[in-house]
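Read the structure below first, then the notes.
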Amino acid sequence: RHCTDIICCVIFIVVILGYIALGVVAWVHGDPRKVVYPTDSYGQFCGQRDTLNENKTILFYFNILKCASPVVLINLQCPTTQLCVSKCPDRFATYIDVLASYRYRPDQWNYFRQFCKPGFNNPRKSVAQVLRDEDCPSMIVPSRPFLKRCFPDFSTKNGVLTVANQTTFKDGRGKTRNVTDLREAANGINNVLDARSVGMKIFEDYAISWYWILIGLFIAMLLSLLFLVLLRFTAGVLFWIFIFGVIGIIGYGIWHCYWEYAHLKGIPGSDLTVYDIGFQTDFKVYLQLRQTWLAFMIILCGVEVIIILMLIFLRNRIRIAIALLKEGSRAIGYIMSTLFYPIITFLLIAICISYWAVTAVFLATSGEPVYKVMANQTLCKYANLTCDPETFNTTNVTKLCPGAQCTFAFYGGESLYHKYIFIFQLANAFVFLWLVNFAIALGQCTLAGAFASYYWAYRKPADIPLWPLFSSFGRAIRYHTGSLAFGALILAIVQLIRVILEYLDHKLKGTQNSFTRFLLCCLKCCFWCLEKFLKFINRNAYIMIAIYGKNFCTSAKDAFFLLMRNVVRVAVLDKVTDFLLFLGKILVAGGVGVLAFFFFTQRIPIFAQEVPVLNYYWVPLLTVIIGSYLVAHGFFSVYAMCVDTLFLCFCEDLERNDGSTAKPYFMSASLHRI
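Take the sequence shown: its letter number 621 is residue 621 in the UniProt record's numbering, and every next letter is one higher.
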C-alpha cells in the first residue's frame, strides 16, 4: 500500500481548512437574531433582551393594506412603518374616532397610543400631520400574532370572510372598506394558521408515542437482520417463485385476451378497427373491439416468449447471481459489524448538514442594516434611496417630500465581504456536496475492503483477518483519502451544476420562451444521467481501490473494463439483487406497518390498554412505516455493497486464476461448481 492521489488529498485538506475559515468569518459577521427576531423600522430587534423592546416581541404594521402578501411581510419589505409591540390589537379603531372621544374616553386614547411611535403623546397635533408623519396608524384591526407579526384575525362565518365577526371597517381616512380588502395583504394566512394548529397536534402525538415508535424501528431492525440471514437459504426460492409467478400471470393474461377475442366474435361492431372509430375519451369503447384484445394477446405473447428465452439463455448467469447473493449473506454473517457502519456514515453526513446549515444562516445574516427613504408621495425623487437615520432630519429630503421617513429596509452592505456573500454561499454549497460525497465514498471503500478480505481468504473463516472492518477503515483513511476525495469532487461538480440548473428552471418557470425551457429540460436530463453513471463508476472504483490500493483513475478504468467484459453478468446480478432487496424493504416496512396499524388502532387486545390517546393515529403509523423502510435500506445498502464487492472479486478471480494447484480459485464451492 502507498498513498494515492496525494495532490487531491492536499487540495481536499486545504479546502476543509478554508471551509472552517469561512464558517469562522460568517460567525463573526453573521447575526442569527435577524432570522429569529423581527426588525422594526428603526433597525431594532423585537423581543431582544436588555433593550427597550425586551417586552415587545411582536411586529405591528401601521397600514397592512400596503403589504402585498405574507411573504413580503416576512421579508420586511412592506412599505409602511413597522413597530415592536407587546400585543396585537384586539378591536377595530381609527385615529380620527379615538381623537374625537379623547376628552371623555381617555382610556381609548391610552389603548390606541401603544400602537403609535414611542414617546408620541400629542393629541393636539393635527390629524393630517399625524398621518403624514406616520406618528400613529390611521386604523387598527383585530389581529393575532403569527411568526411574531400581527396579522388580521380572519374567520369565516356562514361562508363569508370576517374579522371579529365584521365584514366592513373604517380605514381612518374617511372610507368604509370591506374585510376582503385585507385578503390580498394576508393571503392564505388562515390556512397557514390552521396548519400551525395541526402541527401542534402532530408534535403532541410524537411526544406521547415516541417510545412505541422506537420499538417499531427496533422490530424493523431485527426483521432486516433476519431477512439478510435467511437470504442465504431463500434467495433462489424467492427469485424463482417470483419469476414463475410472473410467467403464470402473463399466461393467464394471454388466455383471458384469447377468451375475450373469441367471445366478441359475431357481435355487431366488434370487427371494426381502431382506425375506424378514431380517438375516443372513453377507453371502454376500445374494449368492445376484437382488434384490441388481439393486440393485447400479441404483446403479452411477445413478453412471455422474451422472458422464457432470457431464462433459458441466462440461466447460468442467474444461478451465479443467486449464488453471490447467498455468499453475501454468508460474508455478512462472518463480519456482522459491517451492518452497523451506516450509523457512522449517517453521523458524518449529519455533521456536514449541520455545519452547512449554520454557515448558510450566518452568511445570510451577515449584512448591516440598510435604511431607505419611505415617502408617502409617489413623485418624491428620493424615494427608495439609502439614507442615514441619524442625519436624516438635517437633510432637505423632509422639506421636498413632506412626511418622508428614513426607515429600515433590509440587511446588506457595500464592503468587499458583503459583495461576495453569494459566492460564499455557492462555495458553502459546493464544499458541503463534496464532504457528503466523501463520507459516502469512505463508507463504500471501507465496506468493500472488509468484504474483499473475506473473499480473498483461502480458508473461510480461518484466514479472515482480525477486525476486518476497522482495518479497512484505517487503510482507506491512511492511504486513499486523496482518491476518495477525487471521486467525490467529480460527483460534487455535477451535482452543483444540477442545483444551478434547478435554480434557473425555477426562476424561468414563468417565461414563455419554449426553446429555453426545452434546453433546460435536456440539460437537466443529461446531467441526471451523468450523475447516475458517475455514481456507478465511483462505487466500483472504490471497490478496486479497496482491493488493489491503486489511484482513482486507474481503479475506475480497471473496474469499468472488468465490468464491460462481464456486462451480461452485471445486468443480471444488478436486477436480481435490486428485486430481492426491494422485496425485503417492502416486507420489512409492510410487516412493521401492519403491526403498527393494529397496535395504534387498538386492535391487539393484549396491548389495548397500553395504546396512547392520539389526535392522529396516522402520525406515528407513517413515521414507523417510513422509518422502517429507511432502517431496512440502511442494512440492505451494506448487503448490496457486499454483493457488488464479491462480484468484482469473483470476476477478478476468474481472470487471474484457473483452478489449478498453482493458481487456485478463491471462490466458494457453490460458485466453483456453477
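Backbone N, C-alpha and C define an ideal beta-carbon position, used for all residues, glycine too.
What are the start and end residues of the alpha helix (DSSP H) that includes residue i?
| i | result |
| --- | --- |
| Y454 | I421 to Y455 |
| F60 | It is not in any alpha helix (DSSP H) - F60 instead sits in the beta strand (DSSP E) that spans I58 to Y61. |
| V588 | V567 to F600 |
| E327 | R315 to Y334 |
| A559 | F552 to M564 |
| G23 | I6 to H29 |
| C352 | Y341 to A364 |
| V397 | V397 to L400 |
| Y95 | Y95 to A100 |
| A669 | A669 to R673 |
| I277 | V274 to I277 |
Taking the alpha carbon of residue i as the reference point, which residue from the options has its own alpha carbon closest?
| i | options | result |
| --- | --- | --- |
| A391 | Q405, L400 and L379 | What sits at residue 391 in the sequence shown is Thr, not Ala. Residue Q405 is the option with its Cα nearest to T391. |
| residue 679 | G634, A596 and E655 | Nothing can be reported for residue 679, as the shown portion of the chain is limited to 1 through 674. |
| A541 | Q82, G590, I490 and C522 | I490 |
| P402 | G119, D31 and E134 | E134 |
| V10 | R1, L484 and G333 | L484 |
| Y19 | N657, A427 and L520 | A427 |
| residue 694 | T516, L520 and A476 | Since the first and last residues shown for the chain are 1 and 674, residue 694 lies out of range. |
| Q288 | I312, V305, H263 and M297 | H263 |
| V370 | N551, I332 and T39 | T39 |
| K117 | T57, V127 and C136 | C136 |
| R673 | I320, F283 and L435 | I320 |
| C525 | V28, I349, L501 and T57 | L501 |
| K532 | C301, A492 and D171 | A492 |
| residue 685 | G266, H256, F647 and A331 | Nothing in the structure corresponds to residue 685, since the chain is present only between 1 and 674. |
| H2 | L416, V198, V229 and Y479 | Y479 |
| P32 | E368, A207, K265 and F607 | E368 |
| residue 734 | Q82, V15 and S209 | Nothing can be reported for residue 734: it is not among the residues displayed for the chain, which extend from 1 to 674. |
| D388 | L400, M374 and K381 | M374 |
| L83 | T51, R91, D107 and F45 | F45 |
State buried or exposed for residue i, treating a residue as buried only when at least 16 other CB atoms are found within 10 Å of its CB.
| i | result |
| --- | --- |
| T601 | exposed |
| P342 | buried |
| S366 | buried |
| L379 | exposed |
| D5 | buried |
| I586 | exposed |
| V638 | buried |
| P664 | exposed |
| P70 | Low confidence applies here, because P70 scores a pLDDT of 44, under 50, leaving its location unreliable; read the following figure in that light. Buried, because 16 or more other Cβ atoms sit within 10 Å of the Cβ of P70. |
| N393 | exposed |
| I423 | exposed |
| Q129 | exposed |
| D653 | buried |
| D644 | buried |
| M667 | buried |
| T661 | exposed |
| E610 | exposed |
| N437 | buried |
| I604 | exposed |
| residue 676 | An answer regarding residue 676 cannot be provided, because it is not within the stretch 1 to 674 covered by the chain. |
| P465 | exposed |
| E655 | exposed |
| W434 | buried |
| T516 | exposed |
| Q444 | buried |
Quick check on the DSSP output: the beta strand (DSSP E) that includes residue i runs from which residue to which?
| i | result |
| --- | --- |
| F620 | This sequence places Pro at residue 620; Phe is not what is there. Counting along the chain, P620 falls outside any beta strand (DSSP E), though it belongs to the alpha helix (DSSP H) covering W618 to R656. |
| F151 | R149 to P152 |
| Q82 | Q82 to V85 |
| N178 | T176 to N178 |
| E368 | E368 to M374 |
Return no unless some Cβ of chain C is closer than 9 Å to the Cβ of residue i.
| i | result |
| --- | --- |
| I353 | Annotation note: the requested chain C is absent from the structure, which comprises a single protein chain. |
Using 8 Å for Cβ pairs, my map puts residue i next to residue j. What's the rounded Cβ distance?
| i | j | result |
| --- | --- | --- |
| V160 | P152 | Their Cβ separation, rounded to whole angstroms, is 15 Å, which puts V160 and P152 out of contact at 8 Å. |
| L339 | L231 | In fact, because the Cβ distance is near 13 Å, the residues do not count as touching under 8 Å. |
| F115 | F60 | 6 Å |
| I247 | I307 | 6 Å |
| N63 | T80 | 4 Å |
| L581 | V570 | About 16 Å; that fails the 8 Å criterion. |
| D276 | R290 | Rounded, the Cβ-Cβ distance is 12 Å, inconsistent with contact. |
| A441 | N538 | 7 Å |
| G172 | S126 | In fact, because the Cβ distance is near 14 Å, the residues do not count as touching under 8 Å. |
| Q425 | A360 | 6 Å |
- Task: Please specify which runs of the alpha helix (DSSP H), each continuous and at least 4 residues long, are wholly inside the stretch 114 to 167, giving them in chain order.
- Result: Every alpha helix (DSSP H) of 4 residues or more that sits fully in the stretch 114 to 167 is shown, in chain order, as 127 to 133.
- Task: For the stretch 482 to 550, list the alpha helix (DSSP H) runs that are entirely contained and at least 4 residues long, ordered along the chain.
- Result: List check, alpha helix (DSSP H) in window: 514 to 548.
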